[in-house]
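In my numbering, the protein residues as written are 1372 to 1517.
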């Protein structure tokens, strides 16, 4: 399962195509033109937007995560953030689904809030910059997704 907010987060996940292209996949993102183009004919669940400072949509996305993950039973969740990732990582922890989080490319000096929150929940936390290790000492430096 590939989970990302639209914009740069989704673009970074799309840039990792060689990692996921040969696998069955299901996307979770927001219904916006860039997302519709990116997912193409792949399976997709449209999340509720906005999530920043929007408690009702955060709760809707938590329920969406429960329903979607119980129905699909993914082997792994891969995310580049942002807000839509957190409810899926919380549910993944309870369902014992493996998770991989890639911290945002533009977050060199300051961590992303979603990254900080998902850090304790993820099985593999990947970094695009060595400098991100200051915030995430257990992170694995994998280089840029661009």
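The beta carbon of each residue, even a glycine, is placed where N, CA and C say it ideally should be.
Which one or two residues does DSSP pair with residue i in a beta bridge?
i	result
residue 1472	1450, 1496
residue 1512	1498
residue 1374	1399, 1450
residue 1415	1398
Of the choices the options, whose alpha-carbon is the least far from that of residue i?
i	options	result
residue 1438	1459, 1381, 1482	1459
residue 1484	1470, 1507, 1494, 1502	1507
residue 1396	1449, 1429, 1420, 1476	1449
residue 1475	1406, 1516, 1413, 1401	1516
Can you tell me the Cα-Cα spacing of residue i and residue j, whole angstroms?
i	j	result
residue 1445	residue 1372	6 angstroms
residue 1434	residue 1500	33 angstroms
residue 1469	residue 1393	18 angstroms
residue 1440	residue 1493	16 angstroms
residue 1466	residue 1404	32 angstroms
Suppose contacts are defined by Cβ-Cβ distances below 7 angstroms. Is residue i in contact with residue j by that definition?
i	j	result
residue 1462	residue 1436	yes
residue 1409	residue 1381	yes
residue 1479	residue 1502	yes
residue 1489	residue 1513	no
residue 1398	residue 1413	yes
residue 1471	residue 1495	yes
Can you tell me the Cβ-Cβ gap for residue i and residue j, rounded? I've got them flagged as a contact below 8 angstroms.
i	j	result
residue 1455	residue 1376	5 angstroms
residue 1429	residue 1401	Going by Cβ atoms, the distance from residue 1429 to residue 1401 rounds to 13 angstroms, so no, they are not a contact pair.
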